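Quick note, our numbering runs 1348 ahead of the 1-based positions in the sequence shown.
Presented below is the structure to which this report refers.
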Amino acid sequence: MRVRDALFIVLVPLLAGIDAGAMTVPPLSPTALAARADVVVEGVVTSARARWVGRRILTFYIVTPDGVGAPSIVVAVPGGVVGALGQRVPGAPVLHAGQRYRLHLGPADGPADVDGGPPSRGIIGFFRGVALLADHDGVRVSIPFYDDGHAQEPRP
């Protein structure tokens, strides 16, 4: 028996037993999200731009928080499209300019959108840390995201 065959026989059963939970976004309650977040922001996405950062693509969203005079916040989310190349990261939320969101954000220690710009913040809990804020039949509703990174449809 060759070494490669022996390794295959030993490693395949071991790899089959890997816990898939290590590769998923853990469930977080609203209380846990708020506790882990450096800041919780409600605001409007005013722009989005994807760019290469090292060997991956990040999409940088500029968010204008609700409130008079509040400075804009740069939010970085893994994935995006640059030219003809794109990267999709499972569980990463996809935000849209002009939409209002509630975002649970980590510290401002991420890469800058532009050289000399402010550091970005990441979203705590990936899609679990985002809710689309909308009016539905005159009532303000908070719409959670699916694990594919898109907002659920509001229910009547």
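Where is the CB? At the ideal position from N, CA and C, for every residue including glycine.
Since we're looking at a predicted model, the values are computed, not measured.
>> Given this structure, state the Cα-to-Cα distance separating ARG1384 from GLY1417, to the nearest angstrom.
In response: Counted from its first residue, the sequence shown places residue 1384 at position 36. Counted from its first residue, the sequence shown places residue 1417 at position 69. Each residue's alpha carbon lies about 26 Å from the other.
> Straight-line CA distance for PHE1474 to PRO1438?
Replying inline: For this step, residue 1474 is matched to residue 126 along the sequence shown. For this step, residue 1438 is matched to residue 90 along the sequence shown. Annotation: PHE1474 to PRO1438 spans about 9 Å, alpha carbon to alpha carbon.
>> At 3 residues or longer, what runs of the beta strand (DSSP E) sit wholly inside the region 1430-1457?
In response: 1433-1435, 1448-1453, all fully within the region 1430-1457.
> In three-state terms, what does DSSP make of GLY1369?
Replying inline: Taking the first residue of the sequence shown as 1, we reach residue 1369 at position 21. The predicted position of GLY1369 is uncertain, since its pLDDT is 43 and thus under 50; a value taken from the coordinates is nonetheless stated next. Under the three-state reduction of DSSP, GLY1369 is assigned to helix.
> Going by other Cβ atoms of all chains shown within 10 Å of its Cβ, with 16 needed for buried, is HIS1498 buried or exposed?
Replying inline: Numbered from its first residue, the sequence shown carries residue 1498 at position 150. With fewer than 16 neighbouring CB atoms inside 10 Å of its own CB, HIS1498 falls in the exposed class.
> Expressed to the nearest angstrom, what Euclidean distance is found between the alpha-carbon atoms of GLY1427 and GLN1435?
Replying inline: Reading the sequence shown from its first residue, position 79 is the one you call residue 1427. Reading the sequence shown from its first residue, position 87 is the one you call residue 1435. Separation of GLY1427 and GLN1435 (C-alpha to C-alpha, rounded to the nearest whole angstrom) is 5 Å.
> To the nearest angstrom, how far is it from the Cα of HIS1484 to the Cα of PRO1419?
Replying inline: As a working note, residue 1484 is residue 136 in the sequence shown. As a working note, residue 1419 is residue 71 in the sequence shown. Cα-Cα distance, rounded: 28 Å.
>> Looking only at its chain, what residues have a beta carbon closer than 6 Å to the beta carbon of VAL1411, apart from the 5 residues adjacent to it on each side?
In response: What you label residue 1411 is simply residue 63 of the sequence shown in a count that begins at 1. Correct list, in chain order: GLY1391, VAL1393, ILE1421, VAL1423.
> Can you tell which of VAL1489, VAL1478, ALA1482 has the C-alpha that lies nearest to the C-alpha of SER1377?
Replying inline: As a position in the sequence shown, residue 1377 is number 29, starting the count at 1. Of the candidates VAL1489, VAL1478, ALA1482, the one whose C-alpha sits nearest the C-alpha of SER1377 is VAL1478.
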